[in-house]
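A short write-up of the structure that comes next.
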Amino acid sequence: MKRITRPPGNRRYALLSVGALLAVTSVSGAAPGSAASGSLGVAAEARAVLPPRSARVGALFNGDLEGGHFCTASVVRSAGRDLILTAAHCLSGDGDTDVVFVPGYRDGRAPYGLWRVTKTFVPGAWSDRADEDSDFAFAVVASNASKGGRDLEDVVGANVLVTGRATGAGDVVVTGYPNVLDTSLSCTNRPTVHSSTQQRIECPDFTDGTSGSPWVDREGGVVGVLGGFEQGGATDDVSYSAVLGSAAAALYREAARFGGSS
């Protein structure tokens, strides 16, 4: 249980059509090949680049940049253009309106703005019993006045949520924000099977704060989210994700239907 450390005073938590946007991604395999260039299983500081892909990942803060970042999240495509994905244990599921998402956060700055969470979607199995196979969640963010009232996806783009993908079908890039750093780390490797409902990946230095990190394949599909077994892993060098299947697809559809109406 090393993946989330909220500042004191906050609890810690042990369509296109919607179907089309979900790339649904009920697939049993994927084209072979690397998700991105780079050495497998090696963490490296993410480079500062203009949006696209790296800016789709950001840090979750309490209130503002002074609140400290405690988890990672990423933008997933939706009709409302306002949806992010993270781990369920990063959100309480009962509001979390003090939480802001900062895409592309780096060195104390928010180059693409602060995006306030207005609604969270946490699986019932997580809320009821902290089911590790349900350790994924979505949140809707408000449009941003400082960005001309634009929606999040219009500013930084989005990845596509993929469900039903076979574990280890290809390499993935995992990007997250350790809470001891003011930048993200990225690692490329191929996931392996931990169990029928959990997948694992070897990447060094993914410490507290990296919960919610997306696992992105070479086509820009999110095939995992750091969490699950031991809330993401008991060591810094091995991380986990629940296998994203029908439950994740159903929760996505619920969140995407709400998005754009807030």
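Positions 1 to 262 (the numbering used here) are the ones given, in order, by the sequence shown.
The beta-carbon is built from N, C-alpha and C at its ideal position, and this holds for glycine as well.
Please list, in chain order, all residues of the same chain as Val180 whose beta carbon is under 7 Å from its beta carbon, the five residues on each side excluded. Thr207
Three-way DSSP call (helix, strand, coil) for Ser186 in this model: strand
Where Gly124 sits in the DSSP three-state scheme: Here Gly124 carries a helix assignment [DSSP, helix/strand/coil].
Residue burial classification, Thr210 (beta-carbon count within 10 angstroms, cutoff 16): buried
Reducing DSSP to helix, strand and coil, say where Ala109 ends up. Going by the sequence as given, residue 109 is Arg instead of Ala. Note: Arg109 maps to strand in three-state DSSP.
Per-residue DSSP class, three states only, for Phe256: First, the amino acid is wrong: residue 256 is Ala here, not Phe. Helix.
In angstroms, rounded to a whole number, what distance separates the CA positions of Ala106 and Val57? The sequence as given places Arg at residue 106; Ala does not occur at that position. Roughly 11 Å between the two C-alpha positions.
What are the partner residues of Ser239, as DSSP defines its beta bridges? For Ser239, which the question treats as bridged, DSSP gives the partners Ile201.
Looking at the structure shown, is Leu60 part of a helix, part of a strand, or coil, going by DSSP? strand
Of the residues Ser54, Leu40, Val42 and Asp236, the one placed nearest Ala158, counting alpha carbons only: Among Ser54, Leu40, Val42 and Asp236, the Cα nearest to that of Ala158 belongs to Ser54.
Along the chain, where does the beta strand (DSSP E) containing Val100 start, and where does it finish? Val99 to Pro103
Thinking C-beta only, is Gly233 closer than 8 Å to His89? Result no, Cβ atoms of His89 and Gly233 do not sit closer than 8 Å.
Among residues of its own chain, excluding the 5 on either side of Val238, which ones have a beta-carbon nearer than 7 Å to its beta-carbon? For Val238, where only same-chain residues beyond five positions count, the Cβ hits under 7 Å are Arg200 and Glu202.
If you count every other CB in all the chains shown that lies within 10 Å of the CB of Arg129, and 16 or more means buried, which is it? exposed
Is Gly149 buried or exposed, if buried means 16 or more other CB atoms sit within 10 Å of its CB? exposed
Just curious, the alpha helix (DSSP H) that Leu152 is in, first and last residue? Leu152 to Val156
Beta carbon of Phe61 nearer than 8 Å to that of Val117: With respect to the 8 Å criterion, Phe61 and Val117 are not classified as neighbours on the basis of their beta carbons.
Quick check on the burial criterion: 16 or more other C-beta atoms within 10 angstroms. Buried or exposed for Gly108? exposed
Can you tell which of Leu152, Ala137 and His69 has its C-alpha closest to the C-alpha of Asn144? Leu152
Can you tell me where the beta strand (DSSP E) holding Phe206 begins and where it ends? Phe206 -> no beta strand (DSSP E), and no H or E assigned at all.
According to DSSP, Phe229 sits in a beta bridge with which residue or residues? Answer is none; Phe229 lacks a bridge partner.
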